[in-house]
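Everything on this sheet refers to the single structure shown next.
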Amino acid sequence: MNIKLIKLSVQGQNKESKEINFNEKNTLIQGSSDTGKSYILSAIYYCLGGTDIPKNVGYSAGYTTFILTLRLNNEIYTIVRDYAFSITNIYSGEHYVIDPPFENLISKKINEFFINTLNLNNFKIVTKSGKLGNITLSNLKYFSFFDEDKTLSSDFFLPKKENNKLLERQSLFSFLLTGQDDKNLDLSTPKDEKLRIDGKISVYNAELEMLNDWYSINNIDKSLTIDDISEKISFLDTELEAKLDIKIVNQNIINKLNSELKSLRIELNKNQNTIDKINDNIANFELLDEKYNSDKERLISILNTHLIFEQFADHTCPLCDSIMQVDTAEEREKFVKGIEFEISKISTLQSELKTLIPELKNELSFYNEHNQQLNNKIENNIKSQFEVKERSDLNDFINLTQKKNLLESSINFSNRISAINKLIDENISVKNKNIKVVRNLSTPFDSISKRCKSLLLGWGISNINNLYISDQEMDLIINQRQRISFGKGKRALFLTAFAISIMEYSLDKDIGHLGFLIIDSPLVTHKDPKYGLKTINDEEHRKLELDNYTEITVAQKFYHWLVKYKGKGQVIIIENDAPEEKYKTMINFIEFTGNDMIGRAGFF
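Converting from the sequence shown to this note's numbering requires adding 526 to each position, the first position being numbered 1.
Encoded structure:
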């Protein structure tokens, strides 16, 4: 009755799917820093009902869908979680698409599905409020997931700094080792005191809910630390300064364009006035030409009339019988010459007009063309101003400022949430101070202690004279020292051995452990002593299958144990340093090289 992980797939719109195959096997994931190793643990935790979205690791931007396939009670299931669309679905069978066939959908409630399938729905444990409550998937995950902070932590296995969860974890720990729940415990406290404390806690929880809603409404990751937020604010300050600089530059560009536009419009107005004047001149000259034609016609008519009258010389008037007077030849010649001179003069003026009008029209064509050029320049100027204004959109500046204000507010709210949680813990502590739970765990503690010691000696941790589990702290005591009193390297290995021993014991008893462990960085801080490493003998050489005689390290022995491990549970180790080459082929080994040119650079 346990889980075996098969495959993790992370997907996003227009993104290449990123996958890790566990194949229900013990797995070693190795890679240098910043290759996305720890993201895998966070993604699996999220798939199994975690509330915090895996932290963005740069390349993970745009990936919103998490798909986890696993085997549970010999049946394969697929969990699909997509935070962008608030999807949480569980399907029967193995699927690697965002929307598997609807007929395979069996549940939308992760906790309910796993607790029921693991047959844990009728068991009760003491919850953090001091009351009896149901076992949750979140409770169980605590004993299966060990991120780097938890692996290297200087707090107890059941952290006292999380006092409000201590009773709950102690209760579940006892259940995982004995199979006996706490439904028969008497958890009664004085009624008046209980009501008073419950009232205070209720008020605090209401404020917490309001603060959490604020985070949700404003789409701010609640898991961000103060340092994370400060870093984001610093980034926004830099971006805002850059935007402001761009805005100033763009405003200078707009001012210059406005000045140019003003000059262009003045020039256009001047040019148009010239065009209007030329048009007026052409019209006037064409009208004058018509007048000259009229004058010529009139003069020719007078000349012709004069020639007709010459024919009536020495004739009497038909009306009065008087002799008609006719000009002398000299006078007639003078008259005709005068008319002909006027006609010649008008013709000369018309000839000048015929030259002048085309010149004016050519000039008009030049100014019309210049007019068009000016209009084009004005149009381009206005277009350029519009483009610059678009680049320096004020809304973008306002949005960045609002984001910064929200992040600054989140620091205050984060401090308030911490203060409220502390108050809740203090009140729960007061409420639970009289709760005395006596559990007999000597038998499982003895078995687990022996297994821990065996593992640690096998990994090369020598000089372990005695090792047992403290009834009070529920953590290891090694050579009369608390586990947390050792340095990072040793306490991480001690915790790893402890977690493995607990899983093995619980699975052997078929009690309720999830059946897998994901441990991040159990070896990364361990350093072997500079002197005194044990030189292996022929027998150990044969067991470890090393190619050459060598001084054996803790890491080598650990990896040798891992590739040979045949326990019921599935062990997944995340580490920085690679094992011996021979071990890589003896286990489900996944390597992130950190180099795009060699193998798989990282998870993304």
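Note that beta-carbon positions come from the ideal geometry of N, C-alpha and C, so glycine has one too. If you're wondering where the values come from, they're calculated on a predicted model, not measured in any experiment.
Under the three-state reduction of DSSP output, Val623 falls in the coil class, being neither helix nor strand.
Less than 7 angstroms separates the beta-carbon of Tyr994 from that of Ile1003. When secondary structure is reduced to three states using DSSP, Ile743 falls in the helix class.
For Val914 and Asn778, the gap between their C-alpha atoms comes out near 10 angstroms. Within the same chain, and ignoring the five residues on either side of Lys657 in sequence, no residue has its Cβ closer than 6 angstroms to its Cβ. Phe682 places its beta carbon 7 angstroms or farther from that of Asp972.
Looking from the CA of Asn897, the closest CA among Leu882, Asp821, Ile801 and Arg942 belongs to Ile801.
Residues Ser564, Asp1046 and Ser1047 of the same chain have their beta carbon placed closer than 7 angstroms to that of Glu674, with the five preceding and five following residues left out of the count.
For Gln696, the number of other beta carbons within 10 angstroms of its own is at least 16, and it is reported as buried.
Put simply, the segment 589 to 599 touches the segment 527 to 544. At least three CB pairs are less than 8 angstroms apart. Residue environment analysis places Ser1032 among the buried positions, since at least 16 neighbouring C-beta atoms fall within 10 angstroms of its C-beta. Annotation: Ala945 to Leu702 spans about 33 angstroms, alpha carbon to alpha carbon. At a Cβ-Cβ threshold of 7 angstroms, Leu598 and Thr643 count as neighbours. With respect to the C-alpha of Leu787, the residue from Asp997, Asn907, Lys581 and Leu574 having the closest C-alpha is Asn907. Annotation: the continuous alpha helix (DSSP H) that includes Tyr1085 extends over Val1080 to Lys1090.
Secondary structure of Ser618 (DSSP, three-state): strand. For Ser996, same chain residues with a beta-carbon under 6 angstroms away, outside a window of 5 residues either side, are Ile1003 in chain order. The DSSP-derived three-state label of Glu601 is strand.
Sequence-distant partners of Leu567 (beyond 5 residues in either direction) whose C-beta falls short of 7 angstroms from its own C-beta, in its chain, are Phe671, Asp673, Ile1044, Asp1046 and Ile1100. Residue environment: Glu694 is assigned as buried (16 or more neighbouring CB atoms within 10 Å of its CB, all protein chains considered).
DSSP places Ile636 inside the alpha helix (DSSP H), whose first and last residues are Ile636 to Thr643. The secondary-structure analysis by DSSP pairs Gln1008 across a beta bridge with Ile1003. Rounded to whole angstroms, Leu1021 and Ser1027 show a C-alpha spacing of 10 angstroms.
Assigned with DSSP and collapsed to three states, Val862 falls in helix. As computed with DSSP, Leu531 is found in a beta bridge with Leu596. Sequence-distant Cβ neighbours of Ser633 in its own chain, meaning closer than 8 angstroms and more than five residues away, are Asn615, Ile616 and Phe639. Segment contact: the segment 873 to 882 against the segment 809 to 818, three or more CB-CB distances shorter than 8 angstroms; contact assigned. Excluding sequence positions up to five before and after Thr595, its CB lies within less than 6 angstroms of the CB of Ile532, Lys533, Thr604 and Glu620, all in the same chain and listed in chain order. For Ser633, the enclosing beta strand (DSSP E) stretches over residues Leu631 to Ser633.
Contact between Lys551 and Asn966 is absent: CB atoms are separated by about 37 angstroms, not below the 8 angstroms threshold. Assignment of Leu692 by DSSP, reduced to helix, strand and coil, places it in the helix class.
Contact between Leu1049 and Lys667 does not hold, since the beta-carbon distance rounds to 23 angstroms and is not under 8 angstroms. Counting C-beta pairs with one atom in each stretch, the segment 729 to 746 and the segment 933 to 948 have three or more that are closer than 8 angstroms, which means they touch. Here the C-alpha atom of Trp1087 lies approximately 43 angstroms from the C-alpha atom of Phe611. Two segments are said to touch when three or more pairs of C-beta atoms, one from each, lie closer than 8 angstroms; by this definition the segment 864 to 872 touches the segment 823 to 831. The Cβ atoms of Arg1017 and Arg1007 lie no closer than 7 angstroms to each other.
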